[in-house]
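Chains as they are written, first to last, in my numbering: chain Z, 296 to 725; chain X, 219 to 392. Below: the structure, in structure tokens.
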């Protein structure tokens with residue numbers, strides 16, 4: 296164990312924890328603002344700290360504080376197994392969090408000939424870990440639904456469990472087709488495989504090589520994470536709030552946050568498996584390392600361009616209408632954030648210029664890793680936005696329609712796809 | 219079978235409908251359009267930023283908070299006839315009558331209070347009043363208070379409100 300390996304392991308773990316946990320408030324806020332904008336409203340944009348509202352993201356932190364200081368209430372009819380009632384949301388939350396921990400954020404970092412994985416849990420069988428741990432989350436839902444001693448909770452938990460059973464099969468079969476195609480169970484090797492091209496010009500992303508399996512994967516993951524249009528487990532028009540009916544305060548928040556971590560994890564799995572993970576299309580890690588100065592010069596243009604666009608966006612949208620007399624510090628906020636962004640852009644540009652002019656193997660490698668992490672985060676948030684926009688587009692499936700879709704369409708399609716994949720792979724390799 | 223029976227056409231059985239994907243695409247087109255239009259210019263979103271922006275669509279027929287009107291010499295127009303209290307479906311008007319000394323009328327209210335927590339803002343009191351003494355034209359739509367007693371408006375408060383649409387004095391008593 297060298298010092299570098301310990302530092303990288305700690306960094307990867309901290310990054311993973313931050314990406315999983317710090318995105319929860321951001322995702323909750325994104326969900327509410329997106330819902331507002333889709334429905335021609337504004338969404339939460341008032342809460343602020345010293346006039347800094349950051350588009351309203353402070354609201355989520357205020358909500359967390361509110362849930363933390365709420366009364367811990369236990370329904371009196373829960374006599375036995377109260378401790379399982381308490382740990383049930385924790386199981387769901389922890390399972391979703393652990394499943395996220397095997398996603399690679401960047402390519403393997405090679406320092407002094409030592410390969411260091413940029414994964415919080417550096418294992419090379421990540422797909423199995425994800426499938427095993429990801430399915431544990433529903434156990435928390437079943438515990439919660441059963442121990443609530445409430446028919447709505449029980450119905451919700453039963454629906455969640457049956458959905459997992461129905462959709463774990465097509466999900467597993469779709470993933471098996473990817474394993475057969477990529478010939479690996481390592482997420483990082485999958486990304487490396489996808490950074491190649493096929494037919495000479497198309498990036499070898501899973502969505503282009505395995506379109507059917509990709510669609511099945513996306514649909515099954517929507518169902519696994521209990522997102523619309525598969526929210527039958529908490530269908531409030533039929534069964535109040537499903538398994539969450541008897542939960543309140545932080546116990547409810549655990550379920551709620553677990554849902555968002557699961558969504559985040561699903562997005563990460565989708566982009567890692569079928570959208571090339573942390574790679575840009577046509578750019579492998581070797582290309583990035585070999586021609587770093589060119590990429591540095593391109594980035595030096597993109598970063599100020601982004602900052603310029605961001606400042607323009609803030610100036611246009613972070614103000615009140617003419618009919619309102621006071622702008623409650625919005626102009627001041629825009630000014631401060633603009634100055635901060637400009638300073639950041641100048642610093643990033645200076646570092647990139649230094650790296651481009653005075654190449655240094657270790658520094659270049661770390662810079663490439665950072666670039667890949669940024670690409671990963673951008674892709675992750677883009678896919679989270681897709682999850683959110685789909686939620687505000689589609690109505691909920693009826694319960695029997697969910698089961699029909701799972702058993703009668705997705706499962707045969709996944710089997711058929713696996714069959715074809717196996718034949719093609721055997722044919723190509725023999 | 220009667221010819222009046224209408225056969226409702228059933229949708230959703232064609233291949234295009236069962237694939238879901240074309241419908242999802244059409245739905246996404248709508249929501250994405252709204253999302254990006256509003257994201258690009260959030261000030262064009264047609265909402266009222268309430269505490270800073272006040273409603274602009276309160277018309278003269280809007281039933282706001284009640285007020286008691288005055289005569290031309292600024293005395294109270296009410297003659298304490300109890301018509302409004304009788305008409306009130308939620309029994310929220312409490313009147314105590316007393317002798318009026320200035321020869322304009324025989325009676326006037328000693329106290330006149332409206333419990334706005336009970337009031338359903340139906341406007342029957344305005345309809346019932348023979349003296350145009352009670353009106354709901356203040357345009358006030360929100361009343362706040364710390365305790366229940368704050369919401370019981372007495373005679374002085376009711377006389378203090380101004381009409382939002384002109385016509386300050388009572389039209390039936392001078």
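Glycine residues also receive a C-beta, built at the ideal position from the N, C-alpha and C atoms.
- Item | Min CB distance residue 684 of chain Z to chain X below 8 Å | yes
- For residue 336 of chain X, which three-state DSSP category applies? coil
- Query: Looking only at DSSP bridge pairs, what is residue 382 of chain X linked to?
  - Reply: X:384
- Pull up the distance between the alpha-carbon of residue 333 of chain X and that of residue 686 of chain Z, whole angstroms please. 45 Å
- Query: With which residues is residue 326 of chain X paired in a DSSP beta bridge?
  - Reply: X:316
- So what does DSSP say about residue 409 of chain Z, is it helix, strand or coil? strand
- Item | Below-8 Å beta-carbon distance, residue 363 of chain Z vs any chain X residue | no
- Message: Would you call the region 332-352 of chain Z in contact with the region 527-540 of chain Z, where contact means no fewer than 3 C-beta pairs closer than 8 Å?
- Response: no
- Run through DSSP, which three-state label would residue 498 of chain Z get? strand
- Query: So is the beta-carbon of residue 466 of chain Z under 7 Å away from any non-hydrogen atom of the ligand ATP?
  - Reply: By its list of ligands, the structure shown contains no ligand whatsoever, and the ligand ATP lies outside what it can speak to.
- Three-state secondary structure (DSSP) at residue 284 of chain X? coil
- Query: Of all the options Z:706, Z:303 and Z:359, which has the alpha carbon lying nearest to the alpha carbon of residue 409 of chain Z?
  - Reply: Z:303
- Message: Need the endpoints of the alpha helix (DSSP H) that residue 252 of chain X sits in, please.
- Response: 239-258
- Item | Whether residue 295 of chain X touches residue 350 of chain X by CB criterion (8 Å) | yes
- Query: So which residues on chain Z does residue 245 of chain X lean against when the C-beta distance must stay under 7 Å?
  - Reply: 688 and 689
- Task: Verify whether the separation of the beta carbon atoms of residue 558 of chain Z and residue 522 of chain Z is less than 8 Å.
- Result: yes
- Message: For residue 360 of chain X, would you say it is in contact with chain Z, using Cβ-to-Cβ distances shorter than 8 Å as the test?
- Response: no
- Starting from the N-terminal side, write out each stretch of the alpha helix (DSSP H) that is 4 residues or longer and does not extend beyond the region 430-472 of chain Z. 432-442
- Partner residues on chain X for residue 744 of chain Z, Cβ-Cβ distance less than 9 Å: Since the first residue shown for chain Z is 296 and the last is 725, residue 744 of chain Z is missing from the structure and cannot be characterised.
- Task: Can you say whether residue 586 of chain Z is buried or exposed, counting buried as having 16 or more other CB atoms within 10 angstroms of its CB?
- Result: exposed
- Item | Span of the alpha helix (DSSP H) around residue 414 of chain Z | Looking at the DSSP string, residue 414 of chain Z is not in any alpha helix (DSSP H), and its letter there is neither H nor E.
- Item | Cβ-based burial, residue 329 of chain Z [other Cβ within 10 Å; buried from 16] | buried
- Going by the CB atoms, is the gap between residue 332 of chain Z and residue 507 of chain Z shorter than 8 Å? no
- Message: So for residue 265 of chain X, helix, strand or coil by DSSP?
- Response: coil
- Item | Per-residue DSSP class, three states only, for residue 726 of chain Z | Here chain Z comprises residues numbered 296 to 725, so residue 726 of chain Z is not present and cannot be evaluated.
- Please list, in chain order, all residues of the same chain as residue 502 of chain Z whose beta carbon is under 7 Å from its beta carbon, the five residues on each side excluded. 509, 569 and 570
- Anything in chain Z within Cβ reach of residue 249 of chain X, meaning under 7 Å, just list it in chain order. 333, 684, 687 and 688
- Query: Whose C-beta lies closer than 7 Å to the C-beta of residue 727 of chain Z among residues of the same chain, with five residues either side of it excluded?
  - Reply: Residue 727 of chain Z lies beyond the residue range present for chain Z, which begins at 296 and ends at 725; the question has no answer from this structure.
- Query: Are the C-beta atoms of residue 337 of chain Z and some chain X residue less than 8 Å apart?
  - Reply: yes
- Message: With distance defined between alpha-carbon atoms, name the residue in Z:477, Z:540, Z:671 and Z:665 nearest to residue 721 of chain Z.
- Response: Z:477
- Message: Pull the bridge partners of residue 352 of chain X from the DSSP assignment, please.
- Response: X:286
- residue 528 of chain Z and residue 538 of chain Z closer than 8 Å at C-beta: yes
- Query: Out of Z:389, Z:485, Z:428 and Z:573, which has the shortest C-alpha to C-alpha gap to residue 546 of chain Z?
  - Reply: Z:389
- Which residue spans inside the region 349-412 of chain Z form an unbroken alpha helix (DSSP H) run of at least 4? 353-363 and 377-395
- Whole-angstrom distance between residue 274 of chain X and residue 267 of chain X, CA atom to CA atom: 12 Å
- Item | Contact check, residue 390 of chain X vs residue 342 of chain X, beta carbons under 8 Å | no
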